[in-house]
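Shown next, in structure tokens, is the structure this report addresses.
Number of protein chains: 2
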Amino acid sequence: MRYKAGLETRDRILEATRNQISENGLEGTTIKTICESAGVLPGSFYNLFDSKEQAILTAVRTAIDAVDPDPAHEGKDTLEDLINAYIRFVEEQGDLARVYIRIAVAAGQNSPELTGRVLRHHQGRVKRFTEALLREKPELDADVAEFRAEALVSALNGVTLHRSIDASFEVSQYARLLLGVATQ
Amino acid sequence: MRYKAGLETRDRILEATRNQISENGLEGTTIKTICESAGVLPGSFYNLFDSKEQAILTAVRTAIDAVDPDPAHEGKDTLEDLINAYIRFVEEQGDLARVYIRIAVAAGQNSPELTGRVLRHHQGRVKRFTEALLREKPELDADVAEFRAEALVSALNGVTLHRSIDASFEVSQYARLLLGVATQ
DNA sequence: ATACTATTTGAGTGTCCACTCTAATTTGAG
DNA sequence: CTCAAATTAGAGTGGACACTCAAATAGTAT
């Protein structure tokens, strides 16, 4: 893959893959529908990707990374900033949030590769929440802070999970209430 | 279906279906694997069930109902009772809890029937949590109590979700911390 | 312009899926 | 014991799936 055309096609396929997953779920996403959505034939798909799984893994990396707020602020953001970034992500990119939850659940048993990726990302988020919490409440034990951050991140995932079932669920109010889990 | 043999086969198929879902997920569950696990051939399966979906729906009802504590206590349990019942369920029936989360996520887009069932069950749980909370804190506005109960139930699902990815996750500590969401 | 690759085409392959059908066997009511 | 109905056996069907391949086309360095 060295020509511009190939790179563009690759991007279109990845975008189509993300759309398909968020519209039809992992199991409803087939090479055929991806290719149709990308305006490409299977031969092109397999010229650019080794397998369906590889394409999905690549496409999903975007979704997972998008859960994070701007990494430029790392080390400076408050808990409130992090929560707000999370809310904004879930509300503005509802479909990607759904992909994230779906992948997380499916990963649990299907793919060690995906499980690892999801868990590593989860730990990164917990770390960031922990540090923000410690900045706000320096008197906390590091262990306690991490424990609370972990509870908060998991609880937020629960809210997102519910929103992926019931689109009318108002994430922001619940997320802000959950903030109290960490700050007491 | 009027003979004893048929009823026994039916039970074996439902148990096999539950096992398959919790081991391989919804998408990894096929008629073939269900039948092998139940020691039955496809002909028998389709003599007792109209479709794969019907069998799954029936099998899953058990998983969903098992999330609830003893209905006999309804109207008397405290929030703590409800949380404890939840923890016990997740820890003792980890595979069924996983089925519940998997179904909830998959339901979001695949099956309106399943979505409806999951949401109805969710509302029932929220109601029960709300009433327990109001019994403990009668001064709360009914709306506020329901709001907090909803946040708590969603947060608990998030903890269960995480446990379905990482089996070493200690549900009980986190669940108890989350109790504070409702009681402040 | 040439020549060499990257890319795209699109028909084709084998496999696995949910589900069906007919015939054989088992059950239990009368 | 009889016999109709319930159950089981197990090969079979059509369709959808991920993936392949040889040939045609398009891109670019020289």
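As they're listed, the protein sequences go chains A and B. Residue numbers for the first sequence follow the working numbering, beginning at 1 and rising by one. Residue numbers for the second sequence follow the working numbering, beginning at 1001 and rising by one. No residue lacks a Cβ here, since even glycine has one placed at the ideal position from N, Cα and C.
Nearest chain B C-beta to VAL105(A) closer than 9 Å, yes or no?
For the purposes of this step, residue 105(A) is taken as the residue at position 105 of the first sequence. Yes, its Cβ sits closer than 9 Å to a Cβ of chain B.
So that I know if they touch, is there some Cβ in chain B lying closer than 9 Å to that of ILE165(A)?
Residue 165(A) sits at position 165 when you count from the first residue of the first sequence. For ILE165(A), the answer is yes, since a Cβ of chain B falls inside 9 Å of its Cβ.
With TYR46(A) as the anchor, note down where its alpha helix (DSSP H) starts and where it stops.
Within the first sequence, the letter at position 46 stands for residue 46(A). Taken as a continuous stretch (DSSP letters only), the alpha helix (DSSP H) holding TYR46(A) covers 42–48.
State whether the segment 169–177 of chain A contacts the segment 1170–1178 of chain B, with contact taken as three or more CB pairs (one from each stretch) at a distance under 8 Å.
Under the three-pair Cβ rule at 8 Å, the segment 169–177 of chain A does not count as touching the segment 1170–1178 of chain B.
State yes or no: is the beta carbon of GLY180(A) nearer than 9 Å to at least one beta carbon in chain B?
Start at 1 with the first residue of the first sequence, and residue 180(A) comes out as number 180. Cβ-Cβ to chain B under 9 Å: yes for GLY180(A).
Which runs of the alpha helix (DSSP H) at least 4 residues long sit entirely within the segment 1015–1097 of chain B? Give them in chain order.
1031–1038, 1042–1048, 1052–1066, 1079–1092
Looking at the C-beta of ALA1151(B), does it have a partner C-beta in chain A at a distance below 9 Å?
Reading the second sequence from its first residue, position 151 is the one you call residue 1151(B). ALA1151(B) counts as touching chain A.
Which chain B residues are close to VAL60(A), counting only those with a beta carbon under 7 Å from its beta carbon?
By 1-based counting over the first sequence, the position of residue 60(A) is 60. Ordered by position in chain B, no residue passes the 7 Å Cβ test against VAL60(A), which lies about 15 Å from the chain.
Cα separation between VAL1099(B) and ALA151(A)?
Counting from one through the second sequence, the residue named residue 1099(B) turns up at place 99. Counting from one through the first sequence, the residue named residue 151(A) turns up at place 151. Using only the alpha carbons, I get a separation of about 22 Å.
Have a look at ILE56(A), ASN157(A), LEU179(A) and flag the residue whose alpha-carbon is nearest the alpha-carbon of LEU119(A).
Taking the first sequence and counting its residues from 1, the one referred to as residue 119(A) is at position 119. Comparing Cα-Cα distances from LEU119(A) to each of ILE56(A), ASN157(A), LEU179(A), the minimum goes to ASN157(A).
Can you pull the chain B residues whose beta carbon is under 8 Å from the beta carbon of ASN157(A), in chain order?
Counted from its first residue, the first sequence places residue 157(A) at position 157. What ASN157(A) touches in chain B: GLY1158, LEU1161, HIS1162.
Please state the DSSP three-state secondary structure of ARG1002(B).
Taking the first residue of the second sequence as 1, we reach residue 1002(B) at position 2. Note: ARG1002(B) maps to coil in three-state DSSP.
Taking 6 Å as the limit between beta carbons, can you name the residues of its chain near ILE1083(B), skipping five residues before and five after?
As a first step, residue 1083(B) is located in the second sequence; it is residue number 83 there, counting from the start. For ILE1083(B), the CB contacts under 6 Å within the same chain, skipping 5 residues up- and downstream, are ALA1175, LEU1179 in chain order.
Using a Cβ-Cβ distance under 9 Å, would VAL1118(B) count as near chain A?
Here residue 1118(B) refers to the residue found at position 118 of the second sequence. Yes, because at least one Cβ of chain A sits closer than 9 Å to the Cβ of VAL1118(B).
Relative to the C-alpha of GLN93(A), which residue among ARG163(A), ASP11(A), GLN54(A), ILE13(A) is closest?
Position 93 of the first sequence holds residue 93(A). For the residues ARG163(A), ASP11(A), GLN54(A), ILE13(A), the minimum Cα distance to GLN93(A) belongs to ARG163(A).
In whole angstroms, what separates the C-alpha of GLU27(A) from that of GLU53(A)?
If you number the first sequence from 1, residue 27(A) lands on position 27. If you number the first sequence from 1, residue 53(A) lands on position 53. Distance between the alpha carbons of GLU27(A) and GLU53(A) is about 12 Å.
When we look at the beta-carbon of GLU139(A) and count the other beta-carbons within 10 Å, is it buried (16 or more) or exposed?
Mapped onto the first sequence, residue 139(A) falls at position 139. That one is exposed.
Thinking just about the alpha-carbon of each residue, which of LEU133(A), THR17(A), LEU177(A) is nearest to the one in PHE49(A)?
The residue labelled residue 49(A) in the question sits at position 49 within the first sequence. Minimum Cα distance to PHE49(A) is reached at THR17(A).
Is the segment 130–148 of chain A close to the segment 62–73 of chain A, with three or more CB pairs under 8 Å?
No, the segment 130–148 of chain A does not touch the segment 62–73 of chain A.
Closer than 8 Å is the cut-off here; do at least three beta carbon pairs connect the segment 4–13 of chain A with the segment 37–44 of chain A?
As far as the Cβ criterion goes, the segment 4–13 of chain A touches the segment 37–44 of chain A, which means the pair count is three or higher.
Since I believe LEU1177(B) is in contact with VAL181(A) (beta carbons under 8 Å), could you give me their beta-carbon distance rounded to a whole number of angstroms?
Locating residue 181(A) in the first sequence gives position 181, counting from the first residue. Locating residue 1177(B) in the second sequence gives position 177, counting from the first residue. Between LEU1177(B) and VAL181(A) the Cβ distance is about 6 Å, and since that is below 8 Å, they are a contact.
Quick one: what does DSSP say LYS1127(B) is sitting in, helix, strand or coil?
For the purposes of this step, residue 1127(B) is taken as residue 127 along the second sequence, with counting starting at 1. It is helical.
Could you check whether the Cβ of LEU41(A) sits closer than 9 Å to any Cβ belonging to chain B?
One-based indexing of the first sequence puts residue 41(A) at position 41. False, the Cβ-Cβ gap to chain B never drops below 9 Å.
Note down, in chain order, each residue of its chain lying with its Cβ closer than 7 Å to the Cβ of GLU1113(B), except the 5 sequence neighbours on either side.
Counting from one through the second sequence, the residue named residue 1113(B) turns up at place 113. When the five nearest sequence neighbours on each side are left out, the beta carbons in the same chain lying within less than 7 Å of the beta carbon of GLU1113(B) are those of LEU1057, in order along the chain.
Short check: CB of ALA97(A) to CB of THR160(A), under 9 Å?
Taking the first residue of the first sequence as position 1, residue 97(A) is located at position 97. Taking the first residue of the first sequence as position 1, residue 160(A) is located at position 160. Yes, the Cβ-Cβ distance between ALA97(A) and THR160(A) is below 9 Å.
What residues of chain B sit near ILE201(A), judged by a beta carbon separation below 7 Å?
An answer regarding residue 201(A) cannot be provided, because it is not within the stretch 1 to 184 covered by chain A.
In whole angstroms, give me the CA-to-CA distance for PHE89(A) and ASP65(A).
By 1-based counting over the first sequence, the position of residue 89(A) is 89. By 1-based counting over the first sequence, the position of residue 65(A) is 65. Computed Cα separation, rounded: 11 Å.
Rounded to a whole number of angstroms, what is the C-alpha to C-alpha distance between ALA5(A) and ILE1165(B)?
Mapped onto the first sequence, residue 5(A) falls at position 5. Mapped onto the second sequence, residue 1165(B) falls at position 165. ALA5(A) and ILE1165(B): Cα-Cα distance of roughly 39 Å.
Suppose the cutoff is 8 Å on Cβ atoms and the five residues either side in sequence are ignored; what does the same chain contact list for GLY25(A) look like?
Numbered from its first residue, the first sequence carries residue 25(A) at position 25. Hits under 8 Å: ARG102.
Can you list, in chain order, the residues of its chain with a C-beta nearer than 8 Å to that of GLU74(A)? Leave out the 5 residues immediately preceding and following it.
Mapped onto the first sequence, residue 74(A) falls at position 74. Closer than 8 Å at the Cβ level, and outside the excluded window around GLU74(A), lie ARG128.
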